Amino acid sequence: MMLLQCLKRIAVIAVLPSVLLGCGDEELNSVSTASGGTYVGVEEAQTWSFRGIPFAKPPVGDRRWRAPEPISIQGEYDATAFSSACIQNDGNANWYQSVADNFNGPEKVITTPPISEDCLYLNIWTPKPIKRDASLPVMVWIHGGSNVNGWGFEPNYLGSEFAKRRVVLVSINYRLGIFGYFSHPEMKDSQVVQNNFALLDQIAALSWVQSNIEAFGGNASNVTIFGESAGAANVGTLLAVPQSEGLFAKLISQSGGFQLLDRATLADAYEQGQALASKANTDLNGLRALTHSQISELAEDIDGYSPVAGGPTLPLTVAEALAANTLRSVPLMIGTNLDEWLMYLPDTVSEQAVANFRAEYLSTAQTQSVDEALAGLTARQQLDRLTTAQQMLCPSLSFAEANQDTAPSYVYRFDTTRAHPSNQIGAYHGAEIAYVFNTHDDWLPTSMVDLAISDAMIRYWVNFARTGNPNDSSLPSWPLLSSGQQLIFGDTPQRAVIQRAICDNLLTE
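In terms of the numbering used here, the sequence shown has 249 at position 248, counting the first letter as 1, and numbering is strictly consecutive.
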């Protein structure tokens with residue numbers, strides 16, 4: 002049994018001095034961390050993974066809708082299994098299925114894992130052997146899912162590939178939906194945090210990383226946060242959160258940017274919270290006493306969740322912080338996919354729908370440049386490109402342009418389309434994730450070209466995490482945004498001038 006443990010498990014010990022214990026030809030690494038406990042992980046081919054590590058006390062009971070509290074682990078902790086996901090519906094599982102259906106894949110490609118309010122856990126992948134003084138770059142992944150779905154250990158997010166390339170990869174859960182974004186007038190005059198519990202969870206996870214990641218071979222001074230969709234918007238929003246200062250050094254945004262469009266205020270949140278309590282004929286304490294299922298049912302008609310400005314966590318919206326010159330700048334990689342909206346559009350889109358969009362959202366001053374940008378596309382493709390630009394591409398460019406004045410900024414566009422006769426969604430929203438993590442599901446049509454693009458993307462991402470510059474001598478050069486160029490991931494990475502026709506003609510509020 003002892004031999005089996007030595008071959009299959011590794012313990013990261015927080016209460017003893019660093020030692021190396023021999024076990025046949027294997028070594029059991031024991032290193033001290035700040036938070037206590039002995040973490041027992043899973044041995045993989047070239048890496049170790051530590052799954053379901055708590056970074057805060059469970060936000061249940063009276064801790065519902067409160068800031069996450071630090072947790073202390075004593076003794077051995079089994080980090081060989083992933084945790085529950087935070088409370089949600091099957092939205093992300095349905096997303097995977099819609100992609101599988103597009104490629105004539107099987108049914109039920111994934112299912113939503115068990116859900117619980119007790120969900121504040123993170124996962125770590127690190128290369129073998131674990132060396133406390135390795136000082137490896139750290140990348141912390143914040144998942145997407147519209148702030149209502151998702152979990153840090155989805156099939157697309159497994160971090161072994163990064164660990165193989167000498168990066169410590171961390172993925173996290175955070176509270177979602179009404180559990181992550183709620184406020185109530187009773188909180189107004191109290192000393193408790195009033196909203197943005199999801200952001201505070203992300204900060205708590207990053208704080209845990211600062212205190213403990215050295216034990217897993219990581220460098221706490223070289224942390225890159227990255228995310229996709231709502232996760233990308235969240236990492237962008239963290240630049241406007243005072244408490245996040247010093248917790249990360251670099252940022253990668255994949256299909257985000259729309260944090261610049263968020264306008265929710267604390268007053269809006271109070272009104273929404275009061276309406277929820279009135280619906281249940283109770284007060285804040287009464288809401289805390291309800292089951293999570295009852296809360297979810299009460300909130301089922303709420304349409305969308307985003308960070309709320311006006312409290313101590315987020316004093317200003319990201320757009321307001323940008324205008325006030327208080328948004329922090331860090332080295333940045335940011336980009337979008339060519340067809341972010343295509344999978345959400347009906348199979349048939351009318352020319353009138355395109356005309357209606359242009360009439361409502363685009364200036365008529367330079368219609369020729371927009372016509373040229375949309376030339377040769379079907380009405381469905383045109384509406385996709387217009388909506389992609391409005392919601393993600395143009396905000397991402399604005400975010401990068403503001404950042405480049407004080408920190409290097411690199412922009413990409415992901416155009417890669419998997420070859421399959423039934424593919425109707427192009428370079429769809431979320432398509433790049435499997436390339437970044439090299440987690441191509443067996444039901445996805447994956448060619449040698451796809452694998453080559455995947456390898457290049459991982460190398461760019463790792464280079465950026467290591468140095469703040471994605472380039473190395475063996476890759477096509479990725480220019481700074483200040484050159485007016487971006488890198489396009491098609492069949493091969495290629496430099497190209499950024500086309501701004503649609504962005505330059507979008508009407509502002």
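Note that the Cβ used here is the ideal one computed from N, Cα and C, for glycine as well. Note that the structure is predicted; figures quoted are calculated from it, not measured.
C-beta contact flag for residue i and residue j at 8 Å
i	j	result
T447	P156	no
G274	S161	no
Y97	I111	yes
W342	P107	no
N235	I143	yes
R166	V463	yes
V437	I459	yes
R359	E246	no
F400	I335	yes
E229	G491	no
T337	T389	yes
N148	N424	no
A205	G145	no
A457	L476	yes
N150	G92	yes
Y306	P186	no
N220	L267	no
A58	R64	Contrary to the premise, residue 58 reads as Lys rather than Ala in this sequence. Taking 8 Å as the Cβ cut-off, K58 and R64 qualify as a contacting pair.
V139	V43	no
G203	A233	Residue identity differs from the one stated: residue 203 is Gln in this sequence, not Gly. No; because the gap between Cβ atoms is not below 8 Å, this pair is not in contact.
CB-CB length for residue i against residue j, believed under 8 Å
i	j	result
A428	F415	6 Å
L315	A241	6 Å
P69	L200	Going by Cβ atoms, the distance from P69 to L200 rounds to 10 Å, so no, they are not a contact pair.
T127	F198	Contact flag wrong, Cβ pair sits at about 29 Å.
I253	V141	Contact flag wrong, Cβ pair sits at about 10 Å.
L239	S208	Not quite, the Cβ-Cβ distance comes to about 12 Å (not below 8 Å), so this is no contact.
E346	R381	One detail in the question is off: residue 346 reads as Leu in this sequence, not Glu. Confirmed, about 6 Å.
Y40	F51	5 Å
S212	A250	About 16 Å separates the two Cβ atoms, so there is no contact after all.
Residue i - DSSP class collapsed to helix/strand/coil
i	result
I125	strand
C504	helix
E301	coil
V224	strand
E28	In this predicted model, E28 has a pLDDT of only 44, less than 50, meaning its place in the structure is not dependable; the value taken from the coordinates is given anyway. E28 falls in the strand class under three-state DSSP.
R209	Checking the sequence shown, residue 209 turns out to be Trp, not Arg. It is helical.
G53	strand
R414	strand
D79	strand
V355	helix
I214	helix
E1	In the structure displayed, the chain extends from 2 to 510; residue 1 sits before or after that span and is not available.
P396	helix
W142	strand
T389	helix
T112	coil
Q195	coil
E70	coil
I489	strand
E155	coil
R167	coil
I204	helix
G23	For G23, the pLDDT reaches just 36, beneath the cut-off of 50, and the residue's location in the model is therefore unreliable, although a value from the coordinates is still provided. Strand at G23.
Y306	coil
G42	coil
G92	helix
I296	helix
S172	strand
G219	strand
L137	strand
Q383	helix
C7	For C7, the predicted structure reports a pLDDT of 40, less than 50, and the residue's modelled location is therefore unreliable. The matter cannot be settled from this model.
R64	helix
E118	coil
P186	helix
A497	strand
A234	helix
A86	strand
Can you find at least 3 beta carbon pairs, one from the stretch 172-183 and one from the stretch 79-87, that sit closer than 8 Å? yes
Within the chosen definition, does the stretch 66-83 reach the stretch 33-52 through at least 3 CB pairs nearer than 8 Å? yes
Length at least 3, wholly inside the stretch 237-290: the beta strand (DSSP E) runs in chain order: 251-255
Could you name each continuous beta strand (DSSP E) segment of 3 residues or more that falls completely within the stretch 319-381, going from the start of the chain to the end? 333-338
As an exercise, report each continuous alpha helix (DSSP H) stretch of at least 4 residues that is fully enclosed by the stretch 414-474, in chain order. 432-438, 449-468
Three-pair Cβ contact test at 8 Å for the stretch 498-505 versus the stretch 356-370: yes
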